[in-house]
Amino acid sequence: MTFFIIFVGSSVGSLENFEVRVGVNPFLFFIAASFNFLAILGIVDDVLWSPIYDDNIGTLPYVLSSTTPWFLRLLIIPIPRLVLTIILGFTSLVPLFTYFEGINGFLTSLLLMGLACLAGLLLSTFAILLACGVSMLMGESWRLLNIVRPLMMILLGIYYPRVLMPFTVRVISYLLPSSHVVDLTLYTLVGGGTPEVLTVLTMLGLGIALAIAYGPLSYSSTKSLEMKKLREGVKT
Numbered sequence: 000m001t002f003f004i005i006f007v008g009s010s011v012g013s014l015e016n017f018e019v020r021v022g023v024n025p026f027l028f029f030i031a032a033s034f035n036f037l038a039i040l041g042i043v044d045d046v047l048w049s050p051i052y053d054d055n056i057g058t059l060p061y062v063l064s065s066t067t068p069w070f071l072r073l074l075i076i077p078i079p080r081l082v083l084t085i086i087l088g089f090t091s092l093v094p095l096f097t098y099f100e101g102i103n104g105f106l107t108s109l110l111l112m113g114l115a116c117l118a119g120l121l122l123s124t125f126a127i128l129l130a131c132g133v134s135m136l137m138g139e140s141w142r143l144l145n146i147v148r149p150l151m152m153i154l155l156g157i158y159y160p161r162v163l164m165p166f167t168v169r170v171i172s173y174l175l176p177s178s179h180v181v182d183l184t185l186y187t188l189v190g191g192g193t194p195e196v197l198t199v200l201t202m203l204g205l206g207i208a209l210a211i212a213y214g215p216l217s218y219s220s221t222k223s224l225e226m227k228k229l230r231e232g233v234k235t
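Numbering that gives the first Met the number 0 puts the first residue of the sequence shown at 0, with every later residue one more than the last.
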């Protein structure tokens, strides 16, 4: 995926031009971006599809009757994915960064792995809100999710730096908790693995604050969807 993107990009502009505009080696940028994409998508995908999956296979009655709140269950679903994310990082990100940058690249890759895991977790509350909201508004909500999901990846600034986005798109991007952590990844690469402390605290603070702010909304959306399913009856 990374080399395909670089190949297509180099056909319309040089690698040197990318490095001048973004300030990062394009190979390292897209390697980190691909890992971010897979890590965030892997962690969040289960949350996005869980309500639809449970409804379609008939397990929703058991989920709703469980003593564990549905919101809490959705919130902890991504945690096992972290294991796969870490394994993916040690088999892809770490070797490549170590090859290009030596010991500094090794340390940078460990930092990027941590940021990618955090980005996925911070997006969980927004993903719950999105999944439940879409399920309530549309019957065949999986169709809309197939459209929304790639758009969300673009808005996160994974493959297209947020600083280069149009103003309106950038404002929407600021509302996504993980976009600030993804942006911090770019600053980490620009800073050679050592971003400024103020930058780190600001971006992490914004991401965590937004994730917490979406918490009550996502909790309310799960309760509303739960009540709707109980009124309508569930598939068995």
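Even for Gly, the Cβ is constructed at its ideal location relative to N, Cα and C.
Provide the residue span of the alpha helix (DSSP H) that contains residue i, from first to last.
| i | result |
| --- | --- |
| Gly-113 | 102-121 |
| Trp-169 | Per the sequence shown, residue 169 should be read as Arg rather than Trp. Looking at the DSSP string, the run of the alpha helix (DSSP H) that includes Arg-169 is 166-173. |
| Val-162 | Neither: Val-162 is in no alpha helix (DSSP H) and is coded neither H nor E. |
| Gly-214 | 196-231 |
| Leu-155 | No alpha helix (DSSP H) contains Leu-155, which DSSP labels as neither H nor E. |
Is the beta carbon of residue i sitting closer than 7 Å to the one on residue j?
| i | j | result |
| --- | --- | --- |
| Leu-95 | Ile-30 | yes |
| Ser-184 | Leu-111 | The amino acid occupying residue 184 in the given sequence is Thr; Ser does not appear at that position. In contact: Thr-184 and Leu-111 (Cβ atoms closer than 7 Å). |
| Thr-124 | Gly-214 | yes |
| Asp-172 | Arg-161 | The amino acid at residue 172 is misidentified as Asp; the sequence shows Ser. For Ser-172 and Arg-161, yes; Cβs fall inside 7 Å. |
| Gly-206 | Val-181 | no |
| Asp-45 | Ile-76 | yes |
| Trp-69 | Glu-225 | yes |
| Ala-130 | Ile-39 | no |
| Ile-127 | Leu-175 | no |
| Leu-81 | Cys-116 | yes |
| Phe-36 | Ile-157 | yes |
| Leu-188 | Val-23 | yes |
| Tyr-186 | Thr-198 | yes |
Relative to the alpha-carbon of residue i, which residue among the options has its alpha-carbon at the smallest distance?
| i | options | result |
| --- | --- | --- |
| Gly-132 | Ser-217, Leu-229 and Met-226 | Ser-217 |
| Ile-42 | Ile-211, Leu-114, Leu-120 and Leu-92 | Leu-120 |
| Phe-89 | Leu-73, Leu-74, Pro-79 and Thr-107 | Thr-107 |
| Ser-91 | Ser-219, Ala-32, Ala-212 and Asn-145 | Ala-32 |
| Leu-143 | Asn-24, Ile-51 and Pro-25 | Ile-51 |
| Glu-231 | Leu-27, Pro-60 and Thr-84 | Pro-60 |
Buried or exposed: where does residue i fall if 16 or more other Cβ atoms within 10 Å of its Cβ makes it buried?
| i | result |
| --- | --- |
| Ser-10 | Caution applies to Ser-10, whose pLDDT of 45 falls short of 50 and renders its modelled position unreliable; the model cannot decide the point. |
| Met-0 | The predicted model places Met-0 with a pLDDT of 49, which falls under 50 and marks its position as unreliable; any figure quoted below should be read in that light. Per the 10 Å Cβ criterion, exposed. |
| Asn-55 | exposed |
| Phe-166 | exposed |
| Phe-6 | Note that Phe-6 has pLDDT 49, beneath the 50 cutoff, so the model's placement of it is unreliable and no number is given. |
| Lys-227 | exposed |
| Phe-3 | Interpretation of Phe-3 is limited by its pLDDT of 45, a score under 50 that renders its predicted location unreliable; the figure taken from the coordinates is listed afterwards. The residue is exposed, with fewer than 16 neighbouring Cβ atoms inside 10 Å. |
| Ser-219 | exposed |
| Ser-134 | buried |
| Gly-104 | buried |
| Pro-25 | buried |
| Val-196 | exposed |
| Leu-136 | exposed |
| Leu-209 | buried |
| Leu-27 | buried |
Can you determine whether any heavy atom of the ligand SAM sits closer than 6 Å to the C-beta of residue i, and answer yes or no?
| i | result |
| --- | --- |
| Gly-214 | This structure simply doesn't include the ligand SAM, nor any ligand for that matter. |
Uninterrupted alpha helix (DSSP H) stretches inside the stretch 9-97 (no shorter than 4 residues): 14-21, 25-56, 59-64, 69-75 and 78-87
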